[in-house]
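In UniProt numbering, the protein residues as written are 1 to 270.
We put the CB at the ideal spot given by N, CA and C, even for glycine.
Computed from a predicted model, the values in this text were never measured in an experiment.
The structure under discussion appears below in the form of structure tokens.
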């Protein structure tokens, strides 16, 4: 018996709603977007990543072991493989990131680097250049300013951006295309759960709303990973409004600068 657990996300029920202890998988990218650390990512916006709640995977693992324990596995000709995958209960990369931006605009972190925004590209070359322009250069500037004024840094932003870039490239084989794993054997375990154990081990996720699940994941991540204080939400939203105005001013200045450069080049040529 083999049970494959694919991309694991926050719990949907146990031990508590939205529990998570790491920033791996799509939740990590969504959190980085919410913090303003990630402005661009490498993915096909229409590809659908496969994910599963951690408590569902664990329950399925226990039920699979129970089922194999009471049946003579030696009588099975092929090796039974259980894919803990969501298949039809999926959401595209584009929808995931749109959901992240929308969520963090309403429920911002106490501390952010920039306003939540994400650009999705399927080109590795474009991703490289955009990462340099939108993430690495600003990180270098912020690191320089903090060192200049003598403010202590808990994280070196340039090193963080390097790690994010390396991790994104390593996962590109999964983010640039859709992988489909059949979960027929996985779902076939449901009827084998004893009636008196269903309350504890039933892992049927057919009625789960995917968007609501990801919102629960983000809420749990803010609570359990970042210890976000819900009483400071008003202050956080005021800070977000300031970043929105700064962002608009910055974009306006950038457009004016580019227009001026183009005008100067055209005037010089003609």
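Are the beta-carbon atoms belonging to residue 216 and residue 3 less than 8 Å from one another?
Residue 3 sits away from residue 216, with the two beta carbons spaced by 8 Å or more.
Return the chain-ordered list of same chain residues with a C-beta closer than 7 Å to the C-beta of residue 244, the five sequence neighbours on each side being excluded.
Residues 115 of the same chain have their beta carbon placed closer than 7 Å to that of residue 244, with the five preceding and five following residues left out of the count.
According to DSSP, residue 9 sits in a beta bridge with which residue or residues?
Answer is 53.
Please go through the same chain and pick out, in chain order, the residues whose beta-carbon is closer than 6 Å to the beta-carbon of residue 130, but skip the five residues on each side of it.
The residues are 40.
Relative to the C-alpha of residue 172, which candidate in 265, 12, 21 and 25 has its C-alpha closest?
Among 265, 12, 21 and 25, the Cα nearest to that of residue 172 belongs to 25.
Runs of beta strand (DSSP E) wholly within the stretch 76 to 121 (minimum 3 residues, chain order)
Entirely contained in the stretch 76 to 121, the beta strand (DSSP E) runs reaching 3 residues are, in chain order, 81 to 84 and 119 to 121.
Leaving out the 5 sequence neighbours to the left and right, which residues in its chain are closer than 8 Å to residue 176 when beta-carbon positions are compared?
For residue 176, where only same-chain residues beyond five positions count, the Cβ hits under 8 Å are 42, 43, 44, 47 and 122.
Could you please give the first and the last residue of the uninterrupted alpha helix (DSSP H) stretch that includes residue 262?
Counting along the chain, the alpha helix (DSSP H) containing residue 262 begins and ends at 233 to 269.
Under three-state DSSP, which class holds residue 193?
In the three-state reduction of the DSSP assignment, residue 193 falls in the coil class, being assigned neither a helical nor a strand state.
DSSP three-state assignment for residue 171, whether helix, strand or coil:
Residue state, collapsed to three classes: coil.
List in chain order: all unbroken alpha helix (DSSP H) runs of 4+ residues lying wholly within the UniProt domain "Fatty acyl-CoA reductase C-terminal" (135 to 227).
137 to 148, 157 to 170, 172 to 175, 184 to 187, 198 to 201 and 210 to 224, all fully within the UniProt domain "Fatty acyl-CoA reductase C-terminal" (135 to 227).
What residues in its chain sit with their C-beta under 8 Å from that of residue 266, if we drop five residues either side in the sequence?
So no residue of the chain qualifies.
Between residue 61 and residue 201, what straight-line distance do the alpha-carbon atoms span, to the nearest angstrom?
Computed Cα separation, rounded: 10 Å.
Could you tell me whether the Cβ atoms of residue 57 and residue 8 are closer together than 8 Å?
Taking 8 Å as the Cβ cut-off, residue 57 and residue 8 qualify as a contacting pair.
Strand pairing of residue 40, partner residues [DSSP]:
Residue pairing by DSSP places residue 40 opposite 119 in a beta bridge.
Please report the distance separating the alpha-carbon of residue 105 from that of residue 186.
Residue 105 and residue 186: Cα-Cα distance of roughly 37 Å.
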